[in-house]
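Data block below; observations after.
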Amino acid sequence: MSPFAVAAAFALLVAAVLAEVDRDAPRSTRTLVSRLLSAAAGLSLLFAFDRPAARTAAVLALAAALVAPRSLVCLIAAAAAVLAALRPAPATASGGEVTLLVAALALALAAAAFQASEAGAASRPSAEGAAVFAGAALSLLLSTLDGGRILRWRYGLGGDGARIELPGAALVLGLALLASLGGTLSIAAHRLASTGPSGRMSLLGRRLLILGAGLAGLGWGVVAGQGLGRRPQALARGAVDLAALLLAVGLLAGSLRRLLAASSPRTDSSSTRASRRSSAALLGWAAAATLVAAAAAGVESWWAEGSYATAGVAEASAVALLGLAAVQPTRLARPRAALFLLGLLAFLARAV
Amino acid sequence: MRLLASPGFAAAGAVLLGAALHPALRSLLRPPLVAVAATALLLALALLIRPGGPGERLVGLGAVAIVAALASDGLRGHRGTLTLEVGQGTQSFEEQGPEGRALGRRPLGFGVVLARLDPGGAVVLRAGDGATIAPGRRRAASHGGFRFGLAAGPGGQPSVLRIAIAGPGGSRMVEVAPGEPATADGLHVALESYFPDFALDAERRPYSRSPEPRNPAALLRVTRGSQSWRVFVIQAMPGIHRPEGLDRVLSLAGVAPRGAASLRVSHEPAAPVALAGVLLAAAGLACARR
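Structure representation (structure tokens):
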């Protein structure tokens, strides 16, 4: 395990919390501390640069120090730092280094743009929609972890020869799945059935989602603690699970905070316009960076394999096209931006 | 025309084309090549004719350049594979069309002979004009307008491991390779993992320091009837691992490189145009009005 990556993951989580709090009540000290923590985490990750996930996390962390809003970028960088901390460096370079670095920069810009567009629509229906999306993502992730064994109240890390069973974690994560699924369905039912500002289903859904996020966070701690104590090799095999769980729990926690804070639609149209302009500018830069990443993938593939017609280039090009779709000035802007963000996340998750 | 120039058309076209190109979705959707090409062409036209500033114009020009380059390479370019044994020569390769369809043999325009295979997976070809073509791991080589890269995964062609099985009835030798198990003396021997340059990391996990066979070791799956064992063999320490219940001693006697190399051959003359188009579109996106 890399201590530099562990320290960076903690610093990025703290920076994400500070940046999230700073969005509603901006204070220059908090902004400065979250920027400094992100930059320090980025520099710390440079010491684990032989790990592909650390390179990605370093770019994300350094970009988080520069962009605003940055809580989502910090959270994604923290998940990448967890991956870097748990996974050892590969024996031989896998290639595609430049592509990864540019794609990580594009991901940071796209995440900041998505969050800026969210700030421009911070009303209760929007916050509820975000909570439903985050709750559904956590439920889907929990139900597919370890090949879907949580559905049978079982969970373990690693494969043949290096596997450990974690019955305690299975219980906590199973309960987290039930709570988050119940909460997601309750809020979704409330949104479909009612347009009023409150309702029993919505209240129940919020409480269940809070419980689900808490239990999933606790489950994360149990898995990490028991895995480290019993067999670090198995923990390395389950690094992607842990990184994804951290990201999903962080997303749900952030969306719940906004749901609890949102009481009435925002009326400050000048700040909404500024947020939209900032989001559009960031999204344009993200789409341009993704195109550069696709070009880098083509050049690296031509250099290494002799042709640009490879699966890696096709995947990078597909994400670049999603970026091109996201910047078009037309309807469904946020779903298109979310699709672009998911495409970039999937591309980087497969590559590291 | 107004529909073609609308941002909604461009957004929908880009999402559809992205889904058709993505390797994870392509196998599910199985989009026809004609539909993909038509979508790409319409998208490029939509980006070119839509109203906007210089940034939007650059995006449109870049998109047209990319589509033109891909179409040119699709029609005039060639991609395929070439498999040669050491000492064997050829003047053509097996051409592959879209979706990997075999198109028959295509002349290279010059002759090549596989001169030798290096232990690290590198391949040395000798061209008819005396030039040396030496593609290696993650490094293709150019000659006569063609690019030659190793077609196999990391390490090039996998090596063959010679395993000695010692038992009461004497010693037997078998050869195993990835996906190529062997049966001898009632035992079925399969290769699970091969470490050409075996070492243990800080967490005591095995890995290979390099692709060179300096300290070869392997993890074997040995089965006899319903019984199964995992046996670790290392060339430097014969017979070091003797699992309980297995009355044979397995040792790694040697590693022999394969006598043949499989190469990817490509001729993509419009690749620089495609690259320029992508960079042009990126520049256009970066400076477009928002």
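As they're listed, the protein sequences go chains A and B.
Just so you know, we're using this note's numbering here: the first sequence kicks off at 1 and counts up by one.
Just so you know, we're using this note's numbering here: the second sequence kicks off at 1001 and counts up by one.
Each residue gets a CB set at the ideal place from its N, CA and C atoms; glycine is no exception.
Treat the numbers as computed from the prediction; the structure is a model and nothing was measured.
For B:P1031, which residues in the same chain have their Cβ closer than 7 Å to its Cβ, ignoring the five residues on either side in sequence? A1020
Taking Cβ positions only, does B:L1084 come closer than 8 Å to chain A? no
Between A:R87 and the rest of its own chain, which residues show a CB-CB distance below 7 Å, the 5 nearest in sequence each way excluded? R51, A53, A236 and A239
Per DSSP, the bridge partner or partners of B:A1182: B:V1189
Helix, strand or coil: how does DSSP classify A:A189 here? helix
Under DSSP, the alpha helix (DSSP H) around B:F1093 begins and ends at which residues? Unbroken run through B:F1093 is the beta strand (DSSP E), G1089 to Q1096; no alpha helix (DSSP H).
Residues within the region 308-324 of chain A neighbouring chain B, beta-carbon criterion of under 9 Å: Y308, A309, A311, G312, A314, E315, S317, A318, V319, A320, L321, L322, G323 and L324
Does B:V1034 get closer than 8 Å to chain D when you measure Cβ to Cβ? This model lacks chain D altogether; the protein chains it does include are A and B.
Which residues in chain B have a C-beta closer than 8 Å to the C-beta of A:Q328? List them in chain order. P1007, G1008, A1010, A1011 and A1014
Give the C-beta separation of A:G205 and A:H190 to the nearest angstrom, bearing in mind that I take them to be a contact with Cβ-Cβ under 8 Å. 6 Å
Could you please give the first and the last residue of the uninterrupted alpha helix (DSSP H) stretch that includes B:G1008? P1007 to L1021
Just to confirm, does A:Q328 get its C-beta within under 7 Å of one of the non-hydrogen atoms of the ligand ADP? Annotation note on the ligand ADP: not contained in the displayed structure, which lists no ligands.
Whether A:L100 touches A:L348 by CB criterion (8 Å): yes
Exposed or buried, which one is B:G1169 when buried takes at least 16 other CB atoms within 10 Å? exposed
Range covered by the alpha helix (DSSP H) that runs through B:W1229: First-last for B:W1229: Q1227 to I1234, but that is the beta strand (DSSP E), not the alpha helix (DSSP H).
With 16 as the cutoff for other CB atoms within 10 Å, does A:P232 come out buried or exposed? buried
Quick one: list the residues of chain B neighbouring A:W285, beta-carbon separation under 7 Å, in chain order. A1286
Is A:F49 helix, strand or coil by DSSP? coil
Could you give the DSSP three-state label for B:P1031: helix, strand or coil? coil
Rounded straight-line distance, which links the Cα of B:R1221 to that of B:G1153: The pLDDT assigned to B:G1153 is 44, lower than 50, so where the model puts this residue is not dependable, and the model offers no usable value.
In whole angstroms, what separates the C-alpha of B:R1242 from that of B:I1165? 12 Å
Name the residue from A:S139, A:T272 and A:G219 whose alpha carbon lies nearest to the alpha carbon of A:A169. A:G219
How about A:A81: is its C-beta nearer than 8 Å to some C-beta of chain B? no
Contact under 8 Å by Cβ, B:I1049 with B:L1004: yes
Beta-carbon neighbours of A:A288, restricted to chain B and to distances below 7 Å: A1282, L1285 and A1286
Which residue's Cα is closest to the Cα of A:L36: A:L13, A:T56 and A:P90? A:L13
Around the C-beta of B:P1135, are 16 or more other C-beta atoms found within 10 angstroms, so that it is buried, or is it exposed? buried
Roughly how many whole angstroms lie between the Cα atoms of A:G135 and A:L181? 7 Å
Whole-angstrom distance between B:L1263 and B:G1156, CA atom to CA atom: Only weak support is given to the placement of B:G1156: the predicted model assigns it a pLDDT of 44, under 50, and the question is left unresolved by the model.
Taking C-beta pairs closer than 7 Å, name the residues in chain B that A:L291 reaches, listed in chain order. V1278, A1281, A1282 and L1285
Within-8 Å CB hit, B:P1023 to chain A: yes
In this structure, does DSSP put B:L1070 in helix, strand or coil? helix
If B:G1245 and B:W1229 are in contact, beta carbons under 8 Å, what's the gap, nearest whole angstrom? 7 Å
Member of A:R277, A:A320 and A:L282 whose CA lies at the smallest distance from the CA of A:A296: A:A320
Checking contacts by CB at 8 Å: is B:G1156 closer than that to chain A? Low confidence applies here, because B:G1156 scores a pLDDT of 44, under 50, leaving its location unreliable; read the following figure in that light. With 8 Å as the cut-off, B:G1156 does not count as an interface residue toward chain A.
Would A:G168 pass as an interface residue toward chain B - the criterion being a Cβ-Cβ separation below 8 Å? no
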